[in-house]
Amino acid sequence: MQVGLEAIGVAVPDTYVELADLAMARGVAPGKYVDGLGVTRMGVPLVDEDTVTLAARAARMALESARCSPDDIGLLVVGTETAVDHSKPVASYVQGLLGLSTRCRIFETKHACYGGTAALQMALDWVRSGSAKGRKALIVCSDIARYGVGTPGEPTQGAGAVAMLVSDHPSLVVLEAGKTGVYSKDVMDFWRPLYSKDALVDGHYSVQCYLDALEGAYRAYQEAAGDAGGEGAYSDRFAALVYHVPYGKMSRKAHRHLRTLDGDAAPDASFDRLVGHSLVMPSQVGNIYTGSMYLALASLLSSAPEDLTGKRVGLFSYGSGSCAEFFSGVVQDGAQARVKALGLEAKLARRRALSIPEYEDVMRAREHLDERPAADAAGSGFRYQGTRDHKRIYAT
Ligand code: HMG
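In the working numbering, the protein residues as written are 948 to 1343.
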């Protein structure tokens, strides 16, 4: 049985901040953010958007793209590290907004940016084991990345969600059973204490932790795949490599490290060919935590000019704290046309730029969103309205 991604959906905020504007406001050379970090724009959600609304919008796109009925979903898992409640999972809100069946198992997973991959791997095994009995899994990665204003992490914020329909009709990407390598280690590179809305990070150490995890997971993948040896760089077996993208430069550092492990004396030479297309969308959205690697995969499928049909793609997911996984998939016939048809690049182009004072106002307002009284005016299209009697209210 072949199992993998049948459809994908992406949601990003309607507003963004231009990184060159942010740099100037912070007294930093724009080149540091745009070239040094490799980010052009970062998505910033307004006050009617949260992790739930992003997740629901992405999930609806995935279901519509596959013409899948809500009743076909037997498992819904939302991977997130920016949930909206200590107890009720984001997945429950999404179930309600999408009208999924009551015979659907639903829950939330957390492991920093790896939480979505944990959910995906579990869903793949659920389908492979036969427990799905013909039903599909909906895996949603949704987050709003937030660091303190004026901190080094500030230009690496972002927001968005990626939803994936997982089934035994994997018309986008077959994910290869058994071809996965895991690396996990207790490190204090990035965290968010229970009392804080902003993430804390030991920035340069986190980069090293990411690279160590890449090395460990890549070696484990090679052992699991059992096909080491042979001529040339091992990573030339992949038509593309998709890394977790906290910011574009991190993918460049990752690729350089991986090619060095392969024994490549010119490790940057293959970057544009193997990695470049996966960064088109992330560079305009920023870090979306759990969804970042999957946004990069959507970017690859949407923007790569060459036909990837039948070709293998390497995927590296990293979550601080830490857990990482290197796994692989094979692109299916027609997958690129179906992802292109989602019109993701046009959606990014239609967003509105926020001025820096507007962005700072939004950031201040977001600090109190969990207690904001629900507005009386009825909105529509999966929008957060505020709370009533301590309950979150969403417009459908
Ligand atoms: P920083 O320390 O302020 O920046 O923040 P820097 O001094 O390291 O400079 C960044 C780059 O810009 C450098 O390039 C400079 O040379 C260059 P590099 O040496 O790295 O190649 N530069 C310039 N380039 C062109 N023109 C100029 C210029 N000036 C300097 N004028 C840092 C950087 C990443 C530390 C910060 O943004 C940060 O803390 N970010 C958050 C942490 C992060 O994203 N870590 C990534 C690995 S951990 C991870 O991915 C997990 C995560 O997603 C969370 C999760 O799992 O949930 C974060």
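Even glycine gets a Cβ: it sits at the ideal position worked out from N, Cα and C.
- For residue 1235, there is no enclosing beta strand (DSSP E), as DSSP gives it neither H nor E.
- The three-state reading of DSSP puts residue 1132 in coil, since its state is none of H, G, I, E or B.
- Within the model, the alpha-carbon separation for residue 1298 versus residue 963 is close to 7 Å.
- Around the beta carbon of residue 1043, a 10 Å sphere encloses fewer than 16 other beta carbons of the protein chains shown; the residue is thus reported as exposed.
- Taking residue 975 as the centre and dropping the five residues before and after it, the same chain places no C-beta closer than 6 Å to its C-beta.
- About 18 Å separates the beta carbon of residue 1276 from that of residue 1229, a gap too long to meet the 8 Å contact definition.
- By the Cβ neighbour-count rule, residue 995 is buried, with 16 or more other Cβ atoms within 10 Å of its own.
- Our two residues, residue 1278 and residue 1166, have alpha carbons roughly 23 Å apart in a direct line.
- The C-alpha of residue 1179 lies about 15 Å from the C-alpha of residue 1221.
- Annotation for residue 1024: the continuous beta strand (DSSP E) segment containing it runs 1020 to 1026.
- For residue 1063, the enclosing alpha helix (DSSP H) has its first and last residue at 1062 to 1075.
- Minimum Cα-Cα distance from residue 1193 among the listed residues 1148, 1211, 1304, 1235 corresponds to 1235.
- The Cβ-Cβ distance between residue 1301 and residue 1249 does not fall below 8 Å.
- Assignment of residue 1294 by DSSP, reduced to helix, strand and coil, places it in the helix class.
- Not one heavy atom of ligand 1 sits closer than 7 Å to the Cβ of residue 1218.
- In the three-state scheme derived from DSSP, where H, G and I count as helix and E and B as strand, residue 959 is classed as coil.
- Of the candidates 951, 958, 1255, 951 places its Cα closest to the Cα of residue 1125.
- Nearest neighbour of residue 1172 by Cα position, chosen from 1311, 1337, 1261, 1197, turns out to be 1261.
- For the pair residue 1001 and residue 958, the CB atoms are nearer than the 8 Å cut-off.
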